[in-house]
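Numbering (mature numbering (1 follows the signal peptide of the UniProt record, and there is no 0)), first residue to last: -22 to -1, 1 to 99.
I have placed the structure first, in the form of structure tokens, so that the comments after it can refer back to it.
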Amino acid sequence: MASPRQLPLRHLFLLLVAAASAFLATVVIPAAAAQEGYSCRDSLAGLKECESFMYGGAAAPSAACCAAYEAAFDADPFCLCYVADGTYGRATGYDVDVAHGLQIPARCGQGQPPVELCNSK
């Protein structure tokens, strides 16, 4: 039988193991997964310049929006699929008008977005 002094140490050890497991599950593992999907978050950050157009408030995308779109396309064109499928809007917490988002390339004189790219990955 365990002495009264050993029992609390065992509980403390189990508590520390549980806390370490919870820490690894919530901090370390998601950070590693986030590194794999790094580029889209970084390349789409510039699209903040396009939000007034994508929310339907502006009549046309600004020059800064067009430059941000071009930079995102150059960095990784696949990331723009997240605008087309609504993920960008959900991630930013705003109700982005996807139809407006899809108009950005044409309105910026860059032609239509490569929709086939979105089905390729």
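Every residue gets a Cβ at the ideal spot worked out from N, C-alpha and C, and that includes glycine.
message = Tell me which residues share the same chain as Ala49 and place their Cβ nearer than 8 Å to its Cβ, disregarding the 5 neighbours each side in the sequence.
response = Cβ within range, chain order: Ser21, Gly24.
inquiry  = Measuring straight from C-alpha to C-alpha, what distance separates Gly67 and Glu94?
reply    = Those two C-alpha atoms are separated by around 21 Å.
As assigned by DSSP and simplified to three states, the class of Asp20 = Reduced to three states, the DSSP call for Asp20 is helix.
key: Beta-carbon contacts of Cys18 that lie in its chain and below 8 Å, excluding the five residues immediately before and after   = Excluding positions up to five away in sequence, the list reads Asp54, Phe56, Cys57, Tyr60.
message = Measuring straight from C-alpha to C-alpha, what distance separates Gly35 and Asp52?
response = Between the alpha carbons of Gly35 and Asp52 lies a distance of about 26 Å.
request  = Give me the Cβ distance between Cys96 and Ala62, rounded to the nearest whole Å; I'm assuming they're in contact under 8 Å.
outcome  = Sure, about 6 Å apart at Cβ, within 8 Å.
query = Taking the C-alpha atoms as reference points, what is the distance between Ala37 and Gly71?
reply = Distance from the CA atom of Ala37 to the CA atom of Gly71, rounded to whole angstroms, is 22 Å.
task = Give me the Cα-Cα distance between Ala42 and Glu27, rounded to the nearest whole angstrom.
result = Looking at the backbone, the Cα of Ala42 and that of Glu27 are separated by about 6 Å.
ask   = Apart from the five residues on each side of it in sequence, which residues of its chain come closer than 6 Å, Cβ to Cβ, to Gly64?
value = Within the same chain, Gly64 has close Cβ partners Val76.
message = Just to confirm, is the Cβ distance from Pro83 to Tyr47 under 9 Å?
response = In this structure, Pro83 lies near Tyr47, with their beta-carbon atoms less than 9 Å apart.
request  = Give the straight-line distance between the Cα atoms of Leu74 and Pro39, rounded to the nearest whole angstrom.
outcome  = A quick correction: the sequence has Val, not Leu, at residue 74. A direct Cα-Cα distance of roughly 14 Å separates Val74 from Pro39.
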